[in-house]
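In terms of this note's numbering, the sequence shown opens at residue 4 and continues consecutively. Ideal Cβ positions, reconstructed from N, Cα and C, are used throughout, including at glycine. Please read all numbers here as calculations on a predicted model, not as lab measurements.
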Amino acid sequence: MILPFELDRSQTAPIYRQLYQRFRESIADGRLRPGDRVPAVRALAAELNLARGTVEAAYQLLIGEGYLTARGAAGTIVTPQLTPVGAPTQRAPVAPTTYQATHAGTSPLALQMGLPALDAFPRKLWTRLAGRQLRQAGVEGLVYPDARGHAPLRAAIASYLGISRGISCHPEQIFVCAGYRACLDLISHTLMGPGATCWLEEPGYFMARNALLEAGAQLVPVPVDDQGLDVAQGIARAPEAGFAVVTPTHQSPLGVSLSLPRRLALLDWANRQGSWIIEDDYDSEYRYQGKPLPALKSLDQQGRVLYTGTFSKVLFPGLRLAYLVVPAEQTPAFARQADRLHNHCPHLQQATVAAFLNEGHFARHLNKMRGLYARRRQWLVEALHQALGEHLQIDPQAGGMHVVAGLGDDVQIAQRARGEGIAVEPLSQWYLGDGIRQGLVMGFTNVLSAEQAASVALRLGRVIG
Ligand SMILES: Cc1ncc(COP(=O)(O)O)c(C=O)c1O
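Next up, the structure:
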């Protein structure tokens, strides 16, 4: 209902007159537009708890003055030829939004990182599956969903993780959350006391940094080298930290993998210390050279790893679906917090993802994307070398969805590039402390052709100057 008002029975103006006035205001300020249908008399009277005669009197006045047109059985509409007249309502102007949103919900820019190939998502198939879920869902599709996640989706994730990531877990250990950030919130509410000390990869993912700071954690940046997180440095800097957040498969953003000795050292530290490792396995499915690496969680004998995965990279981020796997002994505590946070994800989305996994579409989609991303990555790397010279240093990365090129003045370049519609990210901004490296982080997943790669690389070359 478009009329956001309360009728004021204490006013001297009769109710039908107030109603008439509110319709006029709504028409004048454009909330009701020419051709819009207005509610039937009976429906509006019931909604506002008024006598039908009162609503009828207001409508008659509006029809008499030409604001509304009655069309018999076809209902009453705002007169199509009407140009709004009368004084527009004085409203406080809405202040323009001045902050820069992380995600503005707009079409992606060239080289924007973090997105899967949006042109290659099987929309038709998705629509069919979602339609079927809608038709087949019984009352459980309509009630409040289980705060831990839709049971068939939790089962499908458990079986996917067992086969593809070497993680053996029961569906009860899985919690479906609205994105990675919500996984972190669930962890911090369940396990983090005030002022908990937490290792964070340096450089590392800003979303994790912000979520943990907001949770009141003390962050200790731990450097990353060509073997991933430097565990010895972590132990030297904060031996008694309660948490370590890591991206072992493809470090975010450098793309290196955590070596086996480091994995073992990290687990050994967590076991001895009774600390928690938060494994962020955000894009592990994409690897273009060598064998896929099992998750760190697959080596976790003593239940110290809290594993997170997301559907943002393998399906699409608009879904807002991620998941957290917790050690079996922790499931009651996490279930209680999940219920408190009320972090429900829509049933339809969860049921559609479950069908996508269970019917084999997921594995096919991933396979297709691996081939596509390998090509797109190569197009971009070749084009960058062509436009910026063979000396441009691009980090060798075996997988992931972005490349990192070493370049100075990265903040300035990224700012100028944005003005040209290119969304490269400055590497230096992923650091919390010192040891800052400069470079550009670039997504290649939406580079549609070698020609497009060449053209964007030329434009970037002009920006760099
Ligand atoms: C390092 C890292 N972790 C996790 C995620 C997933 O976040 P979400 O599930 O909120 O989309 C991303 C997405 O960009 C990421 O870059």
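For residue i, does the three-state DSSP call read helix, strand or coil?
i    : result
I30  : helix
A247 : strand
P335 : helix
F314 : coil
I80  : strand
D228 : strand
E362 : coil
E385 : helix
I5   : Note that I5 scores a pLDDT of 47, beneath 50, so its modelled location is shaky; the value from the coordinates is reported in the next line. Three-state result, I5: coil.
F124 : coil
D437 : coil
E423 : coil
T57  : helix
A357 : helix
T72  : strand
P99  : coil
E217 : helix
V259 : coil
R290 : strand
I10  : Residue identity check: residue 10 is Leu in the sequence provided, not Ile. Coil.
V414 : helix
P429 : strand
L309 : strand
R157 : helix
R266 : helix
Just to check, is the beta-carbon of residue i closer than 6 Å to a non-hydrogen atom of ligand 1?
i    : result
R378 : no
R184 : yes
A325 : yes
G117 : yes
Y291 : no
P320 : yes
T252 : no
R285 : The question names Arg, yet the displayed sequence has Tyr at residue 285. Yes, the beta carbon of Y285 sits closer than 6 Å to at least one heavy atom of ligand 1.
Y70  : no
S301 : no
S191 : no
Y163 : no
T105 : no
Y434 : no
T448 : no
Y310 : no
Y208 : yes
T313 : yes
S255 : yes
Compare the C-alpha of residue i against each of the options and name the closest.
i    : options                : result
P349 : A133, Q305, G422       : A133
H106 : E282, L118, G33, S167  : L118
E204 : T334, G198, D188, Q230 : Q230
F359 : A120, W129, Y102       : W129
G33  : G403, F337, P83        : P83
L451 : Y376, E393, R462, P148 : Y376
G363 : E50, S162, A60, I80    : S162
E385 : I425, A336, V459       : V459
P256 : A235, I177, D284, V317 : D284
L156 : E50, A298, V414, Q353  : Q353
Q305 : L222, V329, P206       : V329
G219 : M404, P242, H192, A239 : H192
G411 : L430, F26, A235, T250  : L430
S167 : Y289, Q14, A325, D11   : Y289
L318 : T448, D39, E428        : T448
L322 : F124, A154, C201, S29  : F124
P320 : V356, Q333, E50        : V356
Q236 : R373, L369, W202       : W202
D233 : L216, P251, G245, E243 : P251
P37  : L10, A113, Y23, T72    : T72
G56  : P17, T86, G75, A77     : P17
L10  : A48, I30, V41          : A48
A120 : S315, N361, Q432, E332 : S315
Using DSSP's beta-bridge definition, name the partner residues of residue i.
i    : result
H405 : G446
W202 : V223, A247
Q396 : G409
T109 : According to DSSP, T109 bridges with nothing at all.
C180 : A325
V279 : The sequence shown places Trp at residue 279, not Val. W279 is bridged to F246.
V146 : DSSP, once it has assigned bridges, lists no residue as partnering V146.
E50  : DSSP lists no partner for E50.
Does the beta carbon of residue i come closer than 7 Å to any beta carbon on chain D?
i   : result
D32 : Reference to chain D is not applicable here, since this structure consists of a single protein chain.
Using only the heavy atoms of ligand 3, determine whether one of them is closer than 6 Å to the beta carbon of residue i.
i    : result
Y147 : Only ligand 1 can be found as ligands here, which leaves ligand 3 out of the picture.
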